[in-house]
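A.B. asks:
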């Protein structure tokens, strides 16, 4: 079975599990308005497709939207394979460049804990219009020569905590955008 077929099967299985978990009236390990808190544990390594044309969302590899009480944990790794796209990125010289796919994106997510995960060779990690987010015991890495690789990009979000986390990227380790307030950073290296 080829890489794209395997990834398609993995995505279908995850989407089915997610839909089933959201319909559950009690806690379950695992698109929004779920009846119970959701915990998604990643214990291995998820690899982004080599070519961004295989990403179904126009700008996001793994995305969470309109969710309350999510925990993303498990000690696993999201390998964005960023090196493949950094070579193709000319955004420093070309204002009309195509933006890269965001590794992990949270939109309209509230009361959430992101812990014990690694984002390796990240293209970006983005949080948008989120409230009460705790990001702890995580690692975000991309080489110094990687272009436009914000570690965490926060915009229009409130009550955001980053603790005991290591971030080393080729651009801003933490970017704080407009409309963002009530931030707390503790033991971030």
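Numbering (the working numbering), first residue to last: 18 to 206.
Backbone N, C-alpha and C define an ideal beta-carbon position, used for all residues, glycine too.
Computed from a predicted model, the values in this text were never measured in an experiment.
1. Work out the CA separation of residue 64 and residue 90 for me, nearest whole Å.
2. Please name the residue or residues paired with residue 136 in a DSSP beta bridge.
3. Can you tell me whether residue 25 is helix, strand or coil according to DSSP?
4. Run through the DSSP bridge pairs and tell me what residue 50 is partnered with.
5. Taking the alpha carbon of residue 176 as the reference point, which residue from 134, 146, 33, 159 has its own alpha carbon closest?
6. Give me the DSSP bridge partner(s) of residue 64.
7. Tell me whether residue 76 sits in a helix, a strand or coil according to DSSP, three-state version.
8. Helix, strand or coil: how does DSSP classify residue 206 here?
9. If you count every other CB in all the chains shown that lies within 10 Å of the CB of residue 44, and 16 or more means buried, which is it?
10. What is the C-beta distance between residue 99 and residue 159, in whole angstroms, given that I count them as a contact (C-beta under 8 Å)?
11. Go ahead and pull the three-state DSSP assignment for residue 102.
12. Consult DSSP for residue 197 and reduce its assignment to one of helix, strand or coil.
13. So what does residue 127 bridge to, in DSSP terms?
C.D. replies: The relevant details are as follows:
1. On the chain shown, position 73 is the one that residue 90 refers to. On the chain shown, position 47 is the one that residue 64 refers to. Rounded to the nearest whole angstrom, the CA to CA distance from residue 90 to residue 64 is 17 Å.
2. As a working mapping, residue 136 is identified with position 119 in the chain shown. Partner residues in the beta bridge of residue 136, as assigned by DSSP, are 95, 157.
3. Residue mapping note: residue 25 aligns to position 8 of the chain shown, counting from 1. Here DSSP, grouped into helix, strand and coil, assigns residue 25 to helix.
4. By one-based count along the chain shown, residue 50 stands at place 33. Looking at the DSSP output, residue 50 sits in no beta bridge, so it has no partner there.
5. Mapped onto the chain shown, residue 176 falls at position 159. With distances taken between Cα atoms, residue 176 lies closest to 146.
6. What you label residue 64 is simply residue 47 of the chain shown in a count that begins at 1. Looking at the DSSP assignment, residue 64 forms a beta bridge with 96.
7. By one-based count along the chain shown, residue 76 stands at place 59. In the structure shown, residue 76 sits in coil (DSSP, three-state: anything other than H, G, I, E or B).
8. The residue labelled residue 206 in the question sits at position 189 within the chain shown. Here residue 206 sits in coil by DSSP.
9. Residue 44 sits at position 27 when you count from the first residue of the chain shown. No answer about residue 44 holds up, because its pLDDT of 38 lies below 50 and its placement is not dependable.
10. For the purposes of this step, residue 99 is identified with residue 82 of the chain shown, where counting begins at 1. For the purposes of this step, residue 159 is identified with residue 142 of the chain shown, where counting begins at 1. At roughly 6 Å, the Cβ-Cβ gap stays under 8 Å, so residue 99 and residue 159 are in contact.
11. Counting from one through the chain shown, the residue named residue 102 turns up at place 85. Collapsing the DSSP output to three states places residue 102 in a helix.
12. By one-based count along the chain shown, residue 197 stands at place 180. Note: residue 197 maps to coil in three-state DSSP.
13. The residue given as residue 127 occupies position 110 in the chain shown. Checking the DSSP bridge columns, you'll see residue 127 partnered with 85, 148.
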